[in-house]
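Enquirer: Residues in the sequence shown are numbered from 2 upward in steps of one, following our numbering.
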Amino acid sequence: MDLKINKFLKNFDFTKKNIYVIGGSGLIGEHTSKLFSELNANVIILDLKKPKNLKKHYLFVKFDIKSIEKFNFENIFKKFGYPHVFINCSYPRDKNWSKSSFQKLKFESVKSNINLHLNSFIWTAKIFADVMVKKNIKGNIILLSSIYGFLGQDLTLYEKTNMNENAIYSAIKSGIINYVRQMASYYGKFQIRVNSISPGGIYGHNAETKSNKQNAIFLKNYSKKTPLSRLAHAEEIASSIIFLCSDNSSYTTGSNLIIDGGISSI
2 MDLKINKFLK NFDFTKKNIY VIGGSGLIGE HTSKLFSELN ANVIILDLKK PKNLKKHYLF
62 VKFDIKSIEK FNFENIFKKF GYPHVFINCS YPRDKNWSKS SFQKLKFESV KSNINLHLNS
122 FIWTAKIFAD VMVKKNIKGN IILLSSIYGF LGQDLTLYEK TNMNENAIYS AIKSGIINYV
182 RQMASYYGKF QIRVNSISPG GIYGHNAETK SNKQNAIFLK NYSKKTPLSR LAHAEEIASS
242 IIFLCSDNSS YTTGSNLIID GGISSI
């Protein structure tokens, strides 16, 4: 095998690497955890519930984002190992999230959801980056954003559905993108790379059962607007996370990788 190709493939070997995934039981998180497991990593999932379809090769820590200030991360690091990679693909929201359209929005919901989502992303990323610095680990941090972190929502996608725009979502996701740039600027001197990923619409199905939980009209509307004429599959996002965490992207930091089938290009 060509030496360059061999090196490229070896860069996807995460043997003895500790990969922490907040939201590892969710749609993107579970696929990401599975891929890392298959690449020989030690995967530690932090979530409220264990993943449904990931049966082995991972460690699980029950984690409630609402109790972030009381959670002792250092105890987890001592028990499972210090992080080489930290990924946050969680999607925290309060009970009023579905009422976040401009017409129904309440100030308490703005405060609550920004605290749950944006602030938790900011704080956990700092915790993981600082421990990487302390342990002299040249690590990787990936935070999940969205195309609505740099675009306004296309309201025509929700026509003839019971779905609405969300007045808070774009503010949260745009905050994540620029926080990643700020982190990359500061932690670069410690050889810690920080990037975000902005997916477009994702099929809300289980890869094994193929069951679809999304509004059929929305799927049709969205597919019509997308050059590739479909939504993304969660594994397509997961494989991009793997790339950004590998040494094959060793000169990539402060970037926002857009994976949207081309919808933001038109």
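Backbone N, C-alpha and C fix where the C-beta goes; we use that ideal spot for every residue, glycine too.
#1: When you compare only the Cα positions, how much space is there between Asn114 and Met133?
#2: Out of Ser102, Lys57, Ile66, state which residue places its alpha-carbon closest to the alpha-carbon of Leu47.
#3: Are Ile260 and Ala233 close, meaning C-beta to C-beta below 8 angstroms?
#4: Take Ile128 and list the residues in its own chain whose beta-carbon comes closer than 8 angstroms to its own, dropping the five residues that flank it on each side.
#5: Does DSSP classify Ser270 as helix, strand or coil?
#6: Check this for me: beta carbons of Asn43 and Gly82, under 8 angstroms apart or not?
#7: What does the Cβ neighbour count give for Phe9, buried or exposed, with the cut at 16 atoms within 10 Å?
#8: What first and last residue would you give for the alpha helix (DSSP H) that runs through Lys226?
#9: Beta carbon of Ile69, beta carbon of Thr125: below 8 angstroms?
#10: Which word fits Glu31, buried or exposed, when buried means at least 16 other C-beta atoms lie within 10 angstroms of its C-beta?
#11: Can you look up Ile259 in the DSSP assignment and give me helix, strand or coil?
#12: Under the DSSP definition of a beta bridge, which residues are partnered with Asp248?
#13: Ignore the nearest five residues each way along the sequence and tell me which others in Phe122's own chain have a CB closer than 6 angstroms to its CB.
#14: Helix, strand or coil, according to DSSP, for Tyr170 in the structure here?
#15: Counting only the same chain and skipping the five closest in sequence on each side, list residues whose C-beta sits under 6 angstroms from that of Asn141.
#16: Counting Cβ pairs closer than 8 angstroms, one from the region 95-107 and one from the region 166-186, do we hit at least three?
#17: Where do the ends of the beta strand (DSSP E) carrying Ser110 lie?
#18: By alpha-carbon positions, which one of Lys190, Thr227, Met184 ends up nearest to Gly202?
#19: So which of Ile218, Ala172, Ser147, Ser230 has the shortest CA-CA distance to Thr162?
#20: Cα separation between Tyr188 and Ile6?
#21: Is it right to say Gly24 is buried, meaning 16 or more other beta carbons lie within 10 angstroms of its own, or is it exposed?
#22: What is the DSSP secondary structure of Asn89, counted as helix, strand or coil?
#23: Please specify which runs of the alpha helix (DSSP H), each continuous and at least 4 residues long, are wholly inside the region 148-201, giving them in chain order.
#24: Please return the same chain residues whose Cβ sits closer than 7 angstroms to the Cβ of Gly150, not counting the five positions on each side in sequence.
#25: Let me check one thing: in DSSP terms, what residues is Phe61 bridge-paired to?
Expert: So, to answer that:
#1: The residue labelled residue 114 in the question sits at position 113 within the sequence shown. The residue labelled residue 133 in the question sits at position 132 within the sequence shown. Using only the alpha carbons, I get a separation of about 28 angstroms.
#2: In the sequence shown, residue 47 corresponds to position 46, counting from 1. Checked all of Ser102, Lys57, Ile66; the closest Cα to Leu47 is Ile66.
#3: Here the question's residue 260 lines up with position 259 in the sequence shown. Here the question's residue 233 lines up with position 232 in the sequence shown. Cβ distance < 8 angstroms, so Ile260 and Ala233 count as in contact.
#4: One-based indexing of the sequence shown puts residue 128 at position 127. In the same chain as Ile128, and ignoring 5 residues on each side of it, the C-beta atoms closer than 8 angstroms to its own belong to Phe74, in chain order.
#5: The shown model of the chain, from 2 to 267, leaves out residue 270, and the question about it has no answer.
#6: Taking the sequence shown and counting its residues from 1, one reaches residue 43 at position 42. Taking the sequence shown and counting its residues from 1, one reaches residue 82 at position 81. A contact, by the Cβ cut-off of 8 angstroms.
#7: Position 8 of the sequence shown, counting from 1, holds the residue named residue 9. Exposed is the call here.
#8: Reading the sequence shown from its first residue, position 225 is the one you call residue 226. Its alpha helix (DSSP H) spans residues 217-226.
#9: Position 68 of the sequence shown, counting from 1, holds the residue named residue 69. Position 124 of the sequence shown, counting from 1, holds the residue named residue 125. Their beta carbons are under 8 angstroms apart, which means Ile69 touches Thr125 by this criterion.
#10: Reading the sequence shown from its first residue, position 30 is the one you call residue 31. That one is buried.
#11: Position 258 of the sequence shown, counted from the start, is the residue given in the question as residue 259. Of the three classes helix, strand and coil, the one that applies to Ile259 here is strand, per DSSP.
#12: Stepping through the sequence shown from its first residue, residue 248 is reached at position 247. DSSP output for Asp248 lists no bridge partner at all.
#13: Counted from its first residue, the sequence shown places residue 122 at position 121. Asn89, Leu144, Ile177.
#14: The residue given as residue 170 occupies position 169 in the sequence shown. Collapsing the DSSP output to three states places Tyr170 in a helix.
#15: Within the sequence shown, numbered from 1, the residue matching residue 141 stands at position 140. Here the set comprises Val86, Arg194, Cys246.
#16: yes
#17: Here residue 110 refers to the residue found at position 109 when the sequence shown is read from its first residue. Unbroken run through Ser110 is the alpha helix (DSSP H), 108-114; no beta strand (DSSP E).
#18: Locating residue 202 in the sequence shown gives position 201, where the first residue counts as 1. If we check each option's Cα against that of Gly202, Thr227 comes out closest.
#19: In the sequence shown, residue 162 corresponds to position 161, counting from 1. Cα-wise, what sits closest to Thr162 is Ile218.
#20: Stepping through the sequence shown from its first residue, residue 188 is reached at position 187. Stepping through the sequence shown from its first residue, residue 6 is reached at position 5. Tyr188 and Ile6: Cα-Cα distance of roughly 30 angstroms.
#21: Residue 24 sits at position 23 when you count from the first residue of the sequence shown. Answer is buried; the Cβ neighbour count reaches 16.
#22: The residue you call residue 89 lines up with position 88 of the sequence shown. Looking at Asn89 - three-state DSSP - the assignment turns out to be strand.
#23: 170-188
#24: By 1-based counting over the sequence shown, the position of residue 150 is 149. Hits under 7 angstroms: Ser171, Lys174, Ser175, Ile177, Ile178, Ser199.
#25: If you number the sequence shown from 1, residue 61 lands on position 60. BP columns for Phe61 point to Ile46.
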